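The sequence shown runs 343 to 689 under the numbering used here.
Note that beta-carbon positions come from the ideal geometry of N, C-alpha and C, so glycine has one too.
Here the structure is a predicted model, which means the values were calculated and not measured.
Here the structure comes first, spelled out in structure tokens, and everything after it is commentary.
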Amino acid sequence: MSNRKIQMPREVYIDPGIIKDTADICKSLHLDKKILIVTGSHTYDIGAVPVIESLEKADIDCDVIKVDKASFESISEVEELITPDTTVLGIGGGKVIDVAKLSSYNQGVYFVSMPTTASHDGIVSPLASIKNPNRSTSVKANAPIALIGDSNIIADSPFRLLSAGCADLISNFTAVKDWQLAHRLKHVEYSESAASLSIMSAKLITNNVDNIKPGLEESARIVMKSLFSSGTAISIAGSSRPASGSEHMFSHSLDKILDKPKLHGEQCGIGSILMMALYGDDWKFIRDSLKAVGAPINAKQIGIDEEDVIEALMMAHKIRPERYTILGDNGISKEAAYELAHNTEVI
Ligand SMILES: [Zn+2]
Numbered sequence: 343m344s345n346r347k348i349q350m351p352r353e354v355y356i357d358p359g360i361i362k363d364t365a366d367i368c369k370s371l372h373l374d375k376k377i378l379i380v381t382g383s384h385t386y387d388i389g390a391v392p393v394i395e396s397l398e399k400a401d402i403d404c405d406v407i408k409v410d411k412a413s414f415e416s417i418s419e420v421e422e423l424i425t426p427d428t429t430v431l432g433i434g435g436g437k438v439i440d441v442a443k444l445s446s447y448n449q450g451v452y453f454v455s456m457p458t459t460a461s462h463d464g465i466v467s468p469l470a471s472i473k474n475p476n477r478s479t480s481v482k483a484n485a486p487i488a489l490i491g492d493s494n495i496i497a498d499s500p501f502r503l504l505s506a507g508c509a510d511l512i513s514n515f516t517a518v519k520d521w522q523l524a525h526r527l528k529h530v531e532y533s534e535s536a537a538s539l540s541i542m543s544a545k546l547i548t549n550n551v552d553n554i555k556p557g558l559e560e561s562a563r564i565v566m567k568s569l570f571s572s573g574t575a576i577s578i579a580g581s582s583r584p585a586s587g588s589e590h591m592f593s594h595s596l597d598k599i600l601d602k603p604k605l606h607g608e609q610c611g612i613g614s615i616l617m618m619a620l621y622g623d624d625w626k627f628i629r630d631s632l633k634a635v636g637a638p639i640n641a642k643q644i645g646i647d648e649e650d651v652i653e654a655l656m657m658a659h660k661i662r663p664e665r666y667t668i669l670g671d672n673g674i675s676k677e678a679a680y681e682l683a684h685n686t687e688v689i
């Protein structure tokens, strides 16, 4: 029996127009001494401006910093502005949220997650992905004290980002299979409740594909709720296992191979088709679900060369050797990778 703590947000808001109530929410959580808004140049107008208005009306002291990269430099820039009284509001996409999450964690202050897109499950999880010169690393931080997701803003963001968020969630199906396999073969710690919650999050998307449409507030709400529950599964497990298996290793391989990687969720979705086929399971269900939410299902649609798909498949098992998956310790051979990609019509 481990006594590892499970970290969750204390309050979660997923509503249209909720961003205007930011000051009230901060006050009710006693986080109104000093606010530091971390945002991006694209998200400043749509996300930060209404929040600044709300805070000014309530006489809450606030500072703003714009960051454009999830790098260690951006994190130290933000850290320099943090005092012990500060609460950090991360208002933007995945990169902004990651910088806000890590800088607040390093300085021991609270952080509120205010995503303007719903493109992956980092918006609630305690993990952040930061770019090093040669690879991205997943770093442990704290879960946000609150999640404020304005479904109007998220619905207005490019639909491709929402589709990618759905694809990241659909890929939970293979992540959980890998987790169960690793539990059976290597006795890695496994949580039935975290696995069930992760699958439920994915099903919230696959059972609702008809309601995932561009510009629809309801779609944004469904995806946000699923990302929230998937992030909660990660918190319960204390690792990204429930939402990250071989399909994520395939995506991380592409991140290394490609000069300009595609969206995280899109790459993971295609990885999930491939890995589900490796399991000899229903990969067509994964493919059809991805297609139904507008996510790419093959190399051409996502804009990757066939050779890069094969290379990514062959190097995926090396990305995180301690994480046992269907790829085993030695990975997949070139011939088998070709056959797999062909059979699933990924290439
Ligand atoms: Zn992911």
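Beta-carbon spacing of residue i, residue j below 9 Å
| i | j | result |
| --- | --- | --- |
| F570 | V354 | yes |
| S505 | E608 | yes |
| D492 | M456 | yes |
| A485 | Q643 | no |
| G573 | A497 | no |
| A470 | D440 | yes |
| I407 | E395 | no |
| G636 | N494 | no |
| K567 | I668 | no |
| L503 | L605 | yes |
| A634 | W625 | no |
Counted within 10 angstroms of its Cβ, other Cβ atoms place residue i as buried (16 or more) or exposed
| i | result |
| --- | --- |
| G389 | buried |
| S327 | Examination of residue 327 is not possible in this model, given that the chain is present from 343 through 689 alone. |
| S446 | buried |
| R346 | exposed |
| G382 | buried |
| N514 | buried |
| M343 | At M343 the pLDDT is 45, less than 50, meaning the model places this residue with poor confidence; the figure from the coordinates comes in the next sentence. When all chains shown are included, M343 counts as exposed. |
| P584 | buried |
| L527 | exposed |
| K690 | Since the displayed the chain opens at 343 and closes at 689, residue 690 lies outside it and no answer follows. |
| T459 | buried |
| P500 | exposed |
| S586 | buried |
| H372 | exposed |
| H659 | buried |
Ligand 1 heavy atom lying under 8 Å from the CB of residue i
| i | result |
| --- | --- |
| A585 | yes |
| S513 | yes |
| C610 | yes |
| G607 | yes |
| D405 | no |
| H590 | yes |
| D463 | yes |
| K552 | A small correction: the amino acid at residue 552 is Asp; Lys does not occupy that position in the sequence shown. For ligand 1, not one heavy atom lies less than 8 Å from the Cβ of D552. |
| D520 | no |
| D510 | yes |
Sequence-distant residues of its chain with Cβ nearer than 7 Å to residue i (five each side left out)
| i | result |
| --- | --- |
| E677 | none |
| A544 | L511, I512, N514 and F515 |
| S577 | I348, Q349, M350, S467, P468 and A485 |
Same chain, Cβ closer than 8 Å to residue i, five either side skipped, listed in chain order
| i | result |
| --- | --- |
| P663 | D671 |
Ligand 2 heavy atom lying under 8 Å from the CB of residue i
| i | result |
| --- | --- |
| D440 | Absent from the structure shown: ligand 2. Ligands present: ligand 1. |
Contact set for residue i: own chain, Cβ-Cβ below 6 Å, skip 5 residues either direction
| i | result |
| --- | --- |
| A679 | I652, L655 and M656 |
| L489 | P351, V354, S455 and V466 |
| Y666 | A524 and K528 |
Residue i at chain E interface by Cβ criterion, 9 Å
| i | result |
| --- | --- |
| S582 | Note that chain E does not occur in the displayed structure, where there is just one protein chain. |
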